[in-house]
Amino acid sequence: QLRGFLVARLDFHARHPELRRLHWILDTELADEPITASRDGIRAEHRSLRARIRQLLQSAARRGDVDLTDPAEEAFRLAACFEGSLEQQSAAPEDTLPFWDPERMVDGWLAPFQRRSRRRPDPRPAPRVEQPDEDFRPAF
Numbered sequence: 001q002l003r004g005f006l007v008a009r010l011d012f013h014a015r016h017p018e019l020r021r022l023h024w025i026l027d028t029e030l031a032d033e034p035i036t037a038s039r040d041g042i043r044a045e046h047r048s049l050r051a052r053i054r055q056l057l058q059s060a061a062r063r064g065d066v067d068l069t070d071p072a073e074e075a076f077r078l079a080a081c082f083e084g085s086l087e088q089q090s091a092a093p094e095d096t097l098p099f100w101d102p103e104r105m106v107d108g109w110l111a112p113f114q115r116r117s118r119r120r121p122d123p124r125p126a127p128r129v130e131q132p133d134e135d136f137r138p139a140f
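Numbering-wise, my numbering puts 56 at position 56 of the sequence shown, and it's gapless, one number per residue.
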């Protein structure tokens with residue numbers, strides 16, 4: 001669920017960058033006004049994203065799909081990856097184009113959470129370790 005949520009949201013915002021710009025314009029225009037329900041709603045976008053990611057992480061942890069230490073901190077990190085990627089894509093789309101693959105990006109972000117038992121084994125053979133000669137003494 002978390003992977004699908006992040007991939008879909010990245011893809012949506014990459015296809016519709018004007019919506020993020022509209023959000024920033026509204027946020028800037030409301031900055032000097034008294035706090036209103038609309039301003040609170042606009043300012044809460046990051047909080048809302050972190051909360052949704054945290055819920056999805058906790059749900060995955062309860063199912064035993066991921067190893068999780070601190071859901072709030074991990075949600076913050078994932079939201080930072082998400083927002084930072086969108087910011088890079090918005091600032092210089094031609095520079096990010098070679099790297100812009102939402103599925104691959106999200107897989108990289110989520111890799112540290114995979115349970116050890118579910119990780120794919122490394123297909124490369126383990127290096128052969130020679131047993132050192134007991135009488136060998138390095139020169140240094």
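Positions of the beta carbon are idealized from the N, C-alpha and C atoms, including for glycine.
Excluding the five sequence neighbours on either side, which residues of its own chain have a C-beta within less than 8 Å of the C-beta of D95, listed in chain order? If you number the sequence shown from 1, residue 95 lands on position 95. Excluding sequence neighbours, D95 sits near Q88.
Quick check: what's the CA-CA separation for A14 versus A80? Locating residue 14 in the sequence shown gives position 14, where the first residue counts as 1. Locating residue 80 in the sequence shown gives position 80, where the first residue counts as 1. The straight-line gap from Cα to Cα measures roughly 16 Å.
Tell me whether Q114 sits in a helix, a strand or coil according to DSSP, three-state version. Numbered from its first residue, the sequence shown carries residue 114 at position 114. For Q114, the three-state secondary structure derived from DSSP is strand.
Backbone CA spacing between S117 and E103 [nearest angstrom]: Within the sequence shown, residue 117 is the residue found at index 117, counting from 1. Within the sequence shown, residue 103 is the residue found at index 103, counting from 1. Unreliable positioning characterises S117 in this predicted model, as indicated by a pLDDT of 42, which lies under 50. The coordinate reading is nonetheless provided below. If I take the Cα positions, the gap works out to 22 Å.
If you compare alpha carbons, which of F99, A91 and F5 is closest to I53? The sequence position of residue 53 within the sequence shown is 53, counting from 1. For I53, the closest alpha carbon among the candidates F99, A91 and F5 is that of F5.
Which one of A75, W100 and P98 has the shortest CA to CA distance from F113? Translated into the one-based positions of the sequence shown, residue 113 becomes position 113. Ranking A75, W100 and P98 by Cα distance to F113 puts A75 first.
Could you please give me the residues that DSSP links to V66 through a beta bridge? Against the sequence shown, residue 66 aligns to sequence position 66. V66 is bridged to Q114.
From A72 to A61, what does the alpha carbon distance come to, in whole angstroms? Taking the sequence shown and counting its residues from 1, the one referred to as residue 72 is at position 72. Taking the sequence shown and counting its residues from 1, the one referred to as residue 61 is at position 61. Taking the straight line joining both Cα atoms gives about 13 Å.
Assuming L56 and L2 are in contact, meaning their beta carbons sit under 8 Å apart, how far apart are those beta carbons, in whole angstroms? Here the question's residue 56 lines up with position 56 in the sequence shown. Here the question's residue 2 lines up with position 2 in the sequence shown. L56 to L2, Cβ: 4 Å. Contact.
Quick check on Q1: does DSSP put it in helix, strand or coil? Walking along the sequence shown from the start, residue 1 turns up at place 1. In the structure shown, the three-state DSSP call for Q1 is coil.
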